[in-house]
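What follows is a set of notes on a single structure, which appears directly below.
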Amino acid sequence: MSRILFLGVTAAAILALGVIGPAWSDDATYTLTIQDHRFAPEQLDLPAGKKVALIVKNLDATPAEFESTDLNREKVVVGGGTITVFIGPLRPGSYEFFDDFNPGTTHGHIVAK
Ligand SMILES: [Cu+2]
463 MSRILFLGVT AAAILALGVI GPAWSDDATY TLTIQDHRFA PEQLDLPAGK KVALIVKNLD
523 ATPAEFESTD LNREKVVVGG GTITVFIGPL RPGSYEFFDD FNPGTTHGHI VAK
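Quick note on numbering: the sequence shown equals residues 463 to 575 in the working numbering.
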């Protein structure tokens with residue numbers, strides 16, 4: 463409890479000082495949504511050779527798990543929740559992802575160009 467409060471105060475202080483800015487803003491940000499157990503877009507084009515922040519928004523009421531064997535990423539996103547997954551720098555190519563909690567979900571691809 464006190465640790466969380468400490469972290470909160472520290473985070474607020476850092477934000478107030480504007481110290482976090484540069485490292486974060488250098489990363490390009492892309493958004494993926496999950497709705498009715500479908501990813502949108504099903505193909506997401508990204509720049510190759512760059513680290514990017516992938517925002518995954520789950521608009522469904524039930525939890526999902528963004529998973530990609532190709533990208534070596536796996537992260538739960540609760541119903542109505544949003545997560546950030548850092549990926550790359552990627553070599554040019556196609557990388558499959560899926561929702562591990564909902565096997566019926568269409569698989570999507572990230573295409574690095
Ligand atoms: Cu999984």
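All C-beta atoms in this analysis are idealised placements derived from N, C-alpha and C, irrespective of residue type, glycine included.
query = Exposed or buried, which one is Ser-530 when buried takes at least 16 other CB atoms within 10 Å?
reply = buried
Coarse secondary structure for Gly-483, derived from DSSP in three states = Its pLDDT being 45, under 50, Gly-483 is placed unreliably by the model, and the measurement read from it follows with that caveat. In the structure shown, Gly-483 sits in a helix (DSSP, three-state: H, G or I).
ask   = Rounded to a whole number of angstroms, what is the C-alpha to C-alpha distance between Val-518 and Ala-526?
value = 10 Å
query = Taking Asp-498 as the reference, which of Asn-564, His-571, Lys-537 and Lys-575 has the closest Cα?
reply = Asn-564
task = Using only the heavy atoms of ligand 1, determine whether one of them is closer than 7 Å to the beta carbon of Asp-498.
result = no
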